[in-house]
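Chains as they are written, first to last, in the working numbering: chain S, 1 to 266; chain F, 1 to 351. By construction, the Cβ of each residue, glycine as well, lies at the ideal position given by its N, Cα and C atoms.
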């Protein structure tokens with residue numbers, strides 16, 4: 001379990017995150033929602049250990065994350081970020097195999113190779129393994145990185161050890177099909193036993209895949225719970241200043257219905 | 001599964017074969033370097049001379065006292081520059097980076113030029129104490145001092161960011177450039193000639209005793225840099241990404257900085273400025289075998305050794321009995337070769 005306890009993050013005079021609490025259990029997919037500038041990425045980054053906390057603490061398995069050494073921590077939590085600029089033409093295979101670094105001391109090479117194949121196959125990328133990363137499309141790049149973080153977590157998943165995947169806007173550069181594909185993958189990884197935390201912009205995507213939603217507004221957690229408890233008309237009006245509700249038809253995933261006069265007073 | 005594993009096996013084995021090929025080429029170049037020169041020595045004779053340490057023929061002296069130390073120096077300096085260049089390009093995550101960025105070359109130049117120009121006045125006790133070693137030691141010290149300054153300026157607390165390193169490097173390089181300008185201005189004609197030649201680079205006139213410390217430092221640094229191959233690969237994904245994979249990024253950058261400074265510093269201290277090798281060798285090797293440092297690092301080491309030994313053969317034979325500055329040759333061979341490689345890559349990618 002990841003527990004963020006009363007974390008506050010200040011940069012210069014600005015409070016980016018104010019007294020936020022969050023728990024993430026293994027096997028759960030939690031989505032962080034909120035308008036631009038609400039502190040979604042800041043919350044995610046403070047959970048990965050990327051930015052120092054002004055106050056509060058983050059615990060992985062009841063242990064403050066500073067107690068883990070870098071590799072130990074990397075065996076337990078993987079991070080998928082939004083931007084990958086790499087001017088060096090590594091092949092897809094080489095990128096995915098970079099996750100072997102985390103496990104090289106504890107896992108035999110042949111097992112690791114099997115893991116990277118499994119990760120590549122899961123993302124349907126086996127036809128691309130020898131292609132340079134620099135020549136891929138934005139969506140393909142994102143999938144390669146997904147394969148890499150999946151490969152990073154596979155040893156823990158196979159051994160049924162607790163592990164976590166933190167994703168920052170995984171769908172930002174993807175078309176509709178790949179947005180749902182990536183979220184479905186995140187869902188599958190959660191079903192396999194990992195705790196998955198994703199920052200997402202699209203409310204419908206969040207409603208479709210999340211077990212829980214944490215809603216942020218101005219650096220504060222304003223709502224937490226199941227999608228239908230959080231994505232209420234009242235909450236959307238308060239947080240996004242928009243009149244909208246989640247629509248769920250039989251046989252379809254939830255979608256967002258925005259009222260016509262929603263933007264009139266904006 | 002089987003088809004999958006076979007389809008990517010060739011890439012790695014081809015890289016290994018390529019490394020073996022480079023090693024063979026390196027040996028051939030070594031033998032050629034020993035055999036050619038003002039005094040021609042046949043290969044059969046060469047083997048005989050190398051097998052007999054104690055003999056006092058002219059050929060024996062030429063091989064053991066002139067060509068062998070010079071060859072070793074050329075190889076070590078080339079290898080060191082190649083490895084440092086690869087490390088810098090990785091640390092800056094930019095294939096155009098070069099060891100000069102962190103002040104190594106300007107520092108060494110300042111040290112050497114200060115020793116040459118002020119050797120009779122301000123630094124006379126220093127040059128008297130070290131005699132012929134004064135310029136190399138001065139250059140090495142200059143390099144260490146300037147690199148230490150840049151290192152100190154760019155590391156604030158637990159941070160060591162590439163942008164601050166780059167900015168500190170640019171600022172310090174500019175200051176050093178001004179100091180060198182002042183020293184050049186006050187130099188006599190003879191000193192001016194010395195320092196001009198120093199800055200064009202030369203491998204001449206070094207005995208075994210003179211090159212031994214540099215050889216040791218360069219060899220150690222090359223091994224240490226090669227050992228960093230895996231984390232360097234991951235670092236190329238991005239700093240945050242490397243951190244998420246458990247790489248201690250700050251330590252990695254600091255180590256790469258220090259090894260590069262020591263390696264390049266001890267190389268240019270003896271030879272003067274040999275431009276382009278540190279930039280071009282890793283670049284060419286990357287075009288041939290990709291960016292994986294597990295192969296790129298040894299390939300850059302071997303490639304650097306080969307390029308510099310070849311350049312030295314040309315430098316000392318083209319205009320016998322005098323010698324060309326080696327820096328000229330490396331740029332003259334390296335430049336066109338690099339251009340051809342570049343055009344070929346563009347064509348194959350269809351730009």
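Within chain F, the residues that residue i reaches when beta carbons sit closer than 8 Å
i	result
residue 70 of chain S	243, 246, 247 and 248
residue 163 of chain S	What residue 163 of chain S touches in chain F: nothing, since even the nearest Cβ is about 13 Å away.
Listed by chain order, chain S residues near residue i by CB distance under 7 Å
i	result
residue 233 of chain F	98
residue 173 of chain F	Simply none; closest approach about 24 Å.
Proximal residues of chain F, C-beta to C-beta of residue i below 7 Å
i	result
residue 94 of chain S	292
residue 73 of chain S	246
residue 102 of chain S	245 and 246
residue 142 of chain S	Those do not exist, as residue 142 of chain S stays about 13 Å from chain F at its closest Cβ, beyond 7 Å.
Proximity winner among the options, relative to residue i (alpha-carbon distances)
i	options	result
residue 155 of chain F	F:146, F:143 and F:168	F:168
residue 228 of chain S	S:144, S:78, S:206 and S:109	S:206
residue 89 of chain S	F:283, F:144, F:332 and F:316	F:283
residue 317 of chain F	F:206, F:233 and F:33	F:33
residue 201 of chain S	S:240, S:232 and S:184	S:240
residue 119 of chain S	S:208, S:199, S:244 and S:93	S:93
residue 34 of chain S	S:234, S:247, S:213 and S:249	S:213
residue 74 of chain S	F:43, F:246, F:122 and F:219	F:246
residue 27 of chain S	S:224, S:4, S:209 and S:141	S:209
residue 173 of chain F	F:14, F:145, F:95 and F:341	F:145
residue 25 of chain F	F:307, F:346, F:315 and F:347	F:307
residue 226 of chain S	S:247, S:30, S:20 and S:14	S:30
residue 212 of chain F	F:193, F:242 and F:73	F:73
residue 367 of chain F	F:312, F:322, F:251 and F:202	Here chain F comprises residues numbered 1 to 351, so residue 367 of chain F is not present and cannot be evaluated.
residue 267 of chain F	F:202, F:38 and F:343	F:202
residue 14 of chain S	S:237, S:143, S:180 and S:38	S:38
Residue(s) in a DSSP beta bridge with residue i
i	result
residue 212 of chain S	S:30
residue 256 of chain S	S:246
residue 51 of chain F	Residue 51 of chain F is not bridged to any residue.
residue 206 of chain S	Bridge partners of residue 206 of chain S: none, in fact.
residue 14 of chain S	S:11
residue 64 of chain S	S:59
residue 5 of chain S	S:57
residue 168 of chain S	S:199
residue 217 of chain S	S:220
residue 285 of chain S	Any answer about residue 285 of chain S is impossible in this case: the structure gives chain S only from 1 up to 266.
residue 52 of chain S	Paired residues: none, contrary to the question.
residue 132 of chain S	S:91
residue 78 of chain F	Residue 78 of chain F pairs with nothing; no bridge assigned.
Contact list for residue i against chain S, beta-carbon separation under 8 Å
i	result
residue 229 of chain F	Those do not exist, as residue 229 of chain F stays about 11 Å from chain S at its closest Cβ, beyond 8 Å.
residue 298 of chain F	Residues of chain S passing the Cβ test: none, with the nearest at roughly 17 Å.
residue 95 of chain F	87 and 88
Contacts that residue i makes with chain F (C-beta to C-beta distance below 9 Å)
i	result
residue 81 of chain S	238, 240, 241 and 244
residue 50 of chain S	240, 243 and 244
residue 78 of chain S	244 and 245
residue 109 of chain S	Within chain F, no residue comes near residue 109 of chain S; the closest Cβ sits about 12 Å away, beyond 9 Å.
residue 184 of chain S	Here the premise fails: no neighbours, minimum Cβ distance about 23 Å.
Whole-angstrom C-beta distance between residue j and residue i, which should lie under 8 Å
i	j	result
residue 90 of chain F	residue 232 of chain F	4 Å
residue 32 of chain S	residue 24 of chain S	Going by Cβ atoms, the distance from residue 32 of chain S to residue 24 of chain S rounds to 10 Å, so no, they are not a contact pair.
residue 166 of chain S	residue 47 of chain S	6 Å
residue 256 of chain S	residue 204 of chain S	5 Å
residue 53 of chain S	residue 11 of chain S	Actually they are not in contact, since the Cβ atoms of residue 53 of chain S and residue 11 of chain S sit about 12 Å apart, beyond 8 Å.
residue 95 of chain S	residue 146 of chain S	Actually they do not touch by this definition, with Cβ atoms about 11 Å apart.
residue 106 of chain S	residue 151 of chain S	Actually they do not touch by this definition, with Cβ atoms about 15 Å apart.
residue 180 of chain F	residue 134 of chain F	Going by Cβ atoms, the distance from residue 180 of chain F to residue 134 of chain F rounds to 18 Å, so no, they are not a contact pair.
residue 169 of chain S	residue 196 of chain S	The Cβ separation is near 14 Å, so there is no contact.
Under 9 Å from the C-beta of residue i: neighbouring residues of chain S
i	result
residue 315 of chain F	Near residue 315 of chain F there are no residues of chain S at all, since even the closest Cβ is about 33 Å away, more than 9 Å.
inquiry  = Quick check: the stretch 81-94 of chain S against the stretch 232-240 of chain F, are at least 3 beta-carbon pairs closer than 8 Å?
reply    = yes
request  = Give a yes or no on contact between the stretch 182-194 of chain F and the stretch 40-53 of chain F, applying the rule of three or more CB pairs nearer than 8 Å.
outcome  = no
inquiry  = For the pair the stretch 221-230 of chain F and the stretch 296-316 of chain F, tell me if three or more CB-CB distances fall below 8 Å.
reply    = yes
query = Does the stretch 140-155 of chain F touch the stretch 246-263 of chain F, meaning 3 or more C-beta pairs lie closer than 8 Å?
reply = yes
inquiry  = Across the stretch 123-140 of chain S and the stretch 74-81 of chain S, are there enough close Cβ pairs to call them in contact, namely three or more that are closer than 8 Å?
reply    = no
message = Measuring CB atoms only, is the stretch 48-67 of chain S touching the stretch 207-227 of chain S, in the sense that at least three cross pairs come out at less than 8 Å?
response = no
Touching by the beta-carbon criterion (3+ pairs, under 8 Å), the stretch 267-279 of chain F and the stretch 324-339 of chain F = yes
query = Would you say the stretch 111-131 of chain F touches the stretch 207-226 of chain F, given that touching needs at least three Cβ pairs under 8 Å?
reply = no
message = Across the stretch 87-103 of chain F and the stretch 333-342 of chain F, are there enough close Cβ pairs to call them in contact, namely three or more that are closer than 8 Å?
response = no
inquiry  = Is it the case that the stretch 112-127 of chain F contacts the stretch 76-84 of chain F, given that we only count it when at least three CB pairs across the two stretches are under 8 Å?
reply    = no
query = Are there three or more Cβ pairs, one per stretch, closer than 8 Å when the stretch 178-198 of chain S is compared with the stretch 108-116 of chain S?
reply = no
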